[in-house]
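Residue numbers (full-length UniProt numbering): 1 to 252.
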């Protein structure tokens, strides 16, 4: 396989095929092509031509213009009879008609071939425009050159696009409403938290102890710490003497 791939394109050697089936198929194809070329040569140039082919299957095929026998007799130098030396008026008319028909067909073929080449060029230009317009949005393309089927397809596509856009807008509105509701709930929770923290700080400021010595007590109405007046430093009542030297202030 690698050796065959590296050989590249080579000229096929002309030799007889060994496979009989391939030989028969090739003969049939080449025979038709050969007769076609002979007919075209005779039509375009007006020559007399004769071909005789003997197939591998022992069958004989022939083609000639005006006939095989007439060409063979002319080649061998056989003098035809008096009846065949001059063409009849009908044969002359048929020959002229054939030439005119062939010329008309050639002109028509040339015109069709030229039209085909122009259409091919138009097709190439349209392909280039189509490739260049692939980046363009399909709904922005001009509708002047569209037929009824293309316009109907474009209309149905626009209706489908409108329905799709309406669905997406509805979904976006639902998501936006959910987002706004979520933000409102978050703001409400934050405000509640700020109120609770602010009330606690105010309560702590109201219950802060004043400066100076005091004895704290519990109020009966609000439960706030209210300071008492400073106690007088007087000796205890009579009964036991007060020792001024005792720092602990105990009785004895």
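Glycine included, every Cβ here is placed at the ideal spot set by N, Cα and C.
Query	Result
Reduced DSSP category for residue 64 - H, G, I as helix; E, B as strand; rest coil	strand
Three or more C-beta pairs below 8 Å linking the stretch 33-42 and the stretch 16-25	no
Integer Cβ distance of residue 49 from residue 42, believed to fall under 8 Å	5 Å
Coil, strand or helix - residue 146 by DSSP	coil
Span of the beta strand (DSSP E), counted from its first residue to its last, around residue 12	Counting along the chain, residue 12 falls outside any beta strand (DSSP E), and DSSP gives it neither H nor E.
C-beta atoms of residue 61 and residue 67 nearer than 8 Å	no
Proximity of residue 143 and residue 154 at Cβ, strictly below 8 Å	yes
Element boundaries [alpha helix (DSSP H), containing residue 55]	From DSSP, residue 55 is part of no alpha helix (DSSP H); its letter is neither H nor E.
Segment limits, alpha helix (DSSP H) that includes residue 31	20-45
Contact check, residue 77 vs residue 71, beta carbons under 8 Å	no
Inter-residue spacing [alpha-carbon to alpha-carbon] between residue 58 and residue 106	37 Å
Local conformation of residue 141 per DSSP, three classes	coil
DSSP-derived helix/strand/coil call for residue 84	Caution applies to residue 84, whose pLDDT of 49 falls short of 50 and renders its modelled position unreliable; the value that the coordinates give is listed next. The answer is helix: DSSP assigns residue 84 an H, G or I state.
Where residue 91 falls: helix, strand or coil (DSSP)	helix
Rounded separation between residue 179 and residue 166 - CA only	20 Å
Where residue 48 sits in the DSSP three-state scheme	coil
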